[in-house]
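Trainee: Chains as they are written, first to last, in this note's numbering: chain A, 2 to 134; chain B, 2 to 134.
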DNA sequence: TGCAATTTACGACAAGCGTCATAAAATCAA
DNA sequence: TTGATTTTATGACGCTTGTCGTAAATTGCA
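Right under this line is the structure:
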């Protein structure tokens, strides 16, 4: 069994995982190419090896080895969000959504999608209430 | 001028800042009391001293000294959120909001508030479109 | 076959963070 | 005034993370 995923990932870890999520299984060279900045070959190697040790990334046996993310993008984002809610906004969700919606100039399509999410959540809340004995 | 705020704060730093945001200016002892777990007196001291050195916290000159957060809670949460959007969800905001709204069982009041936020954002988007020359 | 290129193994250093200790100084209270 | 308590100054250790190096092994190619 893979080691327990840490409560949070470091910036460098996220940086590499983002490449794996975007490109799928990659070799070390391909991972190095996937960064938006110049990082040493052996830096990438060390980072990937450490993530393999942690069970966050898997490594194939062929040569050159291929590295794959062993954690889902949305699990990672959920975990980090939960940490933000608990640690920074004292359990409150609204300030975070406010920032995402207001300050980041979200698209009309995304806004429409969010409306649907909220409508569904409201309906769910009504069902829960009605379900009470 | 205070030193530049770091792109992100460590879990321990967030833990202490949360206490400062919640309780306002506190002494070292009061800060130690504000944690929801047992942390050594000199651990709290070292952490606060490092944050003062970074310009993230200010320290009064009286005795015992009082420590105050020099960064706003919502600035910190905004910065961390932006990092999440960029590093984890590839620029996409919807998955984050989806997690906050759906998986965290948000209250009816909060949902109503979010509806208003989205309506305002939609209106803003329409104004921007109409404002185009 | 032999050399170049690439990959792998292994290592090391510095900085940051989390942890707490000890000793001196200041304050408090009897 | 004196001892107790609290605060401050200073330090140190271990772990994690970010960085890259060197040497050996493997693959590629002429």
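Glycine included, C-beta positions come from ideal geometry on N, C-alpha and C.
#1: For residue 90/B, name the three-state secondary structure that DSSP assigns.
#2: What would DSSP say about residue 9/B, mapped onto helix, strand or coil?
#3: Just how far apart, CA to CA, sit residue 77/B and residue 25/A?
#4: Buried or exposed, going by whether 16 or more other CB atoms sit within 10 Å of the CB of residue 42/B?
#5: Mind listing the chain A neighbours of residue 41/B? Cutoff is C-beta to C-beta under 7 Å, in chain order.
#6: Give the interface partners of residue 35/B over in chain A, defined as CB-CB distance under 7 Å, in chain order.
#7: Report buried or exposed for residue 90/A, applying the criterion of at least 16 other Cβ atoms within 10 angstroms of its Cβ.
#8: Using CA coordinates, which residue listed in 93/B, 80/B and 73/B is at the minimum distance from residue 75/A?
#9: On the three-state DSSP scale, how would you describe residue 129/A?
#10: Taking C-beta pairs closer than 7 Å, name the residues in chain B that residue 98/A reaches, listed in chain order.
#11: Could you give the first and the last residue of the continuous alpha helix (DSSP H) run that contains residue 58/B?
#12: Is the number of C-beta pairs between the segment 105-113 of chain B and the segment 109-126 of chain A that are closer than 8 Å three or more?
#13: Which of the three DSSP states is assigned to residue 18/A in this structure?
#14: When DSSP labels each residue in this structure, what does residue 136/B get in the three-state scheme?
#15: List, in chain order, every chain A residue whose beta-carbon is nearer than 8 Å to that of residue 19/B.
#16: Is there a Cβ of chain A sitting closer than 7 Å to that of residue 52/B, yes or no?
#17: Compute the Euclidean distance between the alpha carbons of residue 36/A and residue 98/B, then round it to the nearest angstrom.
#18: Within 10 angstroms of its Cβ, does residue 79/B collect 16 or more other Cβ (buried), or is it exposed?
#19: Hey, is residue 2/A's beta-carbon within less than 7 Å of any beta-carbon in chain B?
#20: Who are the near neighbours of residue 60/A in its chain, counting only those whose CB is closer than 7 Å to its CB and skipping five residues on each side?
#21: Taking the alpha carbon of residue 47/B as the point to measure from, which residue in 95/B, 30/B and 120/B has its own alpha carbon closest?
#22: Going along chain A in order, which residues have a C-beta closer than 7 Å to the C-beta of residue 26/B?
#23: Counting only Cβ pairs nearer than 7 Å, list the residues of chain A close to residue 71/B.
#24: So what does residue 27/A bridge to, in DSSP terms?
Mentor: The answer reads as follows:
#1: coil
#2: coil
#3: 32 Å
#4: exposed
#5: By Cβ distance, chain A contributes nothing, its closest Cβ being about 20 Å from residue 41/B, past 7 Å.
#6: Under the 7 Å cutoff, chain A gives no residues; its nearest Cβ is about 12 Å from residue 35/B.
#7: buried
#8: 93/B
#9: helix
#10: 98, 101, 115 and 118
#11: Not the alpha helix (DSSP H): residue 58/B falls in the beta strand (DSSP E), residues 58-60.
#12: yes
#13: helix
#14: Past the boundaries of the shown model lies residue 136/B; chain B is included only from 2 to 134, so the question cannot be answered.
#15: 88, 89 and 91
#16: no
#17: 27 Å
#18: buried
#19: Unreliable placement is indicated for residue 2/A, whose pLDDT of 38 sits below 50; the coordinate value is still reported in the next sentence. Output row for residue 2/A: interface = no.
#20: 53, 66 and 68
#21: 30/B
#22: Within 7 Å Cβ-Cβ: nothing; residue 26/B doesn't reach chain A, min ~18 Å.
#23: None at all; the shortest Cβ gap to chain A is about 15 Å.
#24: 68/A
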